[in-house]
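Numbering (full-length UniProt numbering), first residue to last: 1 to 90. Where a beta carbon is used, it is the ideal one built from N, C-alpha and C, also for glycine. If you're wondering where the values come from, they're calculated on a predicted model, not measured in any experiment. This report refers to the structure that appears directly beneath it.
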């Protein structure tokens, strides 16, 4: 299981797209709900010139995609365009 570093909720890795062998590469884990506000999980920095982006990390799929789409649809139904919103970072 993996704990979200934002909300401290626990998740089965298989339910949120985190494979056990790749969990050690995550520095700060953000669950699908927290990714909407705080952005994607932060991966550990690799030594050497072979850096990977969060989106391109092997074995880690983006489980927040359906959540983001649902949030955007909800905002649009209330007349709020995402381009009008200001995202906060904590």
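Burial state of residue 69 (16 or more Cβ within 10 Å): Position 69 of the chain shown, counted from the start, is the residue given in the question as residue 69. Burial call: exposed.
Exposed or buried, what is residue 31 when buried is set at 16 or more other beta-carbons lying within 10 Å of its beta-carbon? Your numbering for residue 31 matches position 31 in the chain shown. Label assigned to residue 31: buried.
Classification of residue 12 by the beta-carbon crowding that lies within 10 angstroms, buried from 16 upward: Taking the chain shown and counting its residues from 1, the one referred to as residue 12 is at position 12. With fewer than 16 Cβ atoms within 10 Å of its Cβ, residue 12 is classed as exposed.
Along the alpha helix (DSSP H) that carries residue 37, what are the first and last residues, could you check? For the purposes of this step, residue 37 is identified with residue 37 of the chain shown, where counting begins at 1. First-last of the alpha helix (DSSP H) with residue 37: 32-38.
Environment of residue 135 [buried if 16+ CB atoms lie within 10 Å]: Nothing about residue 135 can be reported from this structure: the residues present for the chain run from 1 to 90 only.
Residue 35: buried (16+ other C-beta within 10 angstroms of its C-beta) or exposed? On the chain shown, residue 35 is found 35 positions in, with the first residue counted as 1. Classification of residue 35: buried, given that the 10 Å Cβ count is 16 or more.
Which value, in whole angstroms, describes the spacing of the CA atoms of residue 1 and residue 73? Looking up residue 1 in the chain shown gives position 1. Looking up residue 73 in the chain shown gives position 73. Each residue's alpha carbon lies about 30 angstroms from the other.
For residue 42, list the residues DSSP reports as bridge partners. For the purposes of this step, residue 42 is taken as residue 42 along the chain shown, with counting starting at 1. BP columns for residue 42 point to 28.
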